[in-house]
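In UniProt numbering, the protein residues as written are 1 to 206.
Here a beta-carbon is modelled for each residue, glycine too, at the ideal position from N, C-alpha and C.
Remember, it's a predicted structure, so these values are computed and weren't measured experimentally.
Let me begin by presenting the structure, written as structure tokens, before commenting on it.
Right, here's the structure in full:
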């Protein structure tokens with residue numbers, strides 16, 4: 001949602017994770033949930049506030065309706081990308097950031113620091129991240145993925161994950177459940193001005 005708002009308005013707003021933890025009853029708070037449920041809640045609520053107004057506490061609390069009224073970002077809906085298709089994920093990521101679920105519980109992922117991650121992971125989805133771009137220009141194609149563990153993890157909060165592997169699920173299950181929120185753009189030119197791309201490489205500026 002931060003990404004589509006950046007494309008839509010040119011402003012990068014850090015949104016409240018705590019609001020989703022506290023308020024999206026169809027999910028399981030700190031035990032996780034489906035990204036589509038979160039998108040639907042934000043749409044129904046008329047938006048989501050920022051992390052300053054509704055800061056992260058690390059525990060599930062009671063939904064604060066006064067804070068949720070301070071809506072900073074809105075969405076009009078969401079789209080489920082064709083699952084088990086890295087090509088479909090790439091096509092979606094060419095236009096905007098895409099939310100994906102991966103298996104991130106393995107030590108090789110958690111201790112990642114740099115380089116293209118090819119490592120050892122399965123497809124038991126347990127963590128949500130965001131695909132913000134890809135690179136097909138070298139011998140090893142990779143996804144550019146934004147994590148939520150802070151800038152001290154990985155490559156300033158990002159990880160490059162090997163792309164186009166033999167499994168249709170993608171590395172760590174990245175292609176199993178991709179989806180993205182939608183919002184009306186003023187025009188295509190505005191969107192294109194916020195993208196940095198060339199023939200085989202693209203990264204969204206978020």
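Inset, instruction - State the start and end residues of the unbroken beta strand (DSSP E) segment that holds residue 179. - result: Locating residue 179 in the chain shown gives position 179, where the first residue counts as 1. 179-182 is the extent of the beta strand (DSSP E) around residue 179.
Inset, instruction - Report yes or no: do the segment 6-18 and the segment 36-55 share at least 3 C-beta pairs separated by less than 8 Å? - result: Taking a cut-off of 8 Å for Cβ pairs, the segment 6-18 and the segment 36-55 touch, as three or more such pairs fall below it.
Inset, instruction - Enumerate in chain order the residues of its own chain whose CB-to-CB distance from residue 29 is below 8 Å, with the five nearest sequence positions on each side excluded. - result: Along the chain shown, read from residue 1 onward, the residue named residue 29 stands at position 29. Confidence is the limiting factor: at residue 29 the pLDDT is only 48, short of 50, which leaves the residue's position unreliable and the question unanswerable from this model.
Legend entry - Which of helix, strand or coil DSSP assigns to residue 171: On the chain shown, residue 171 is found 171 positions in, with the first residue counted as 1. Look at residue 171 here: in three-state DSSP terms it is helix.
Inset, instruction - Measure the beta-carbon distance from residue 182 to residue 24 and round it to whole angstroms, keeping in mind my assumption that it falls under 8 Å. - result: In the chain shown, counting from the first residue as 1, residue 182 sits at position 182. In the chain shown, counting from the first residue as 1, residue 24 sits at position 24. Going by Cβ atoms, the distance from residue 182 to residue 24 rounds to 18 Å, so no, they are not a contact pair.
Legend entry - Beta-carbon proximity list for residue 39, same chain, < 6 Å, skipping 5 on both sides: Start at 1 with the first residue of the chain shown, and residue 39 comes out as number 39. Taken in chain order, the residues that qualify are 78, 181.
Legend entry - For residue 143, the three-state DSSP class (helix, strand or coil): Locating residue 143 in the chain shown gives position 143, where the first residue counts as 1. Note: residue 143 maps to strand in three-state DSSP.
Inset, instruction - Check residue 35 in the structure and name its three-state DSSP category. - result: Taking the first residue of the chain shown as position 1, residue 35 is located at position 35. Taken through DSSP and simplified to helix, strand or coil, residue 35 comes out as helix.
Legend entry - 7 Å CB neighbourhood of residue 106 in its chain, flanking five on each side removed: For the purposes of this step, residue 106 is taken as residue 106 along the chain shown, with counting starting at 1. Around residue 106: 120, 121.
Legend entry - Among 13, 81, 174, nearest to residue 103 - alpha-carbon criterion: Position 103 of the chain shown, counting from 1, holds the residue named residue 103. If we check each option's Cα against that of residue 103, 174 comes out closest.
Legend entry - Contact set for residue 163: own chain, Cβ-Cβ below 7 Å, skip 5 residues either direction: Position 163 of the chain shown holds residue 163. So the qualifying residues of the chain are 86, 134, 141, 142, 143.
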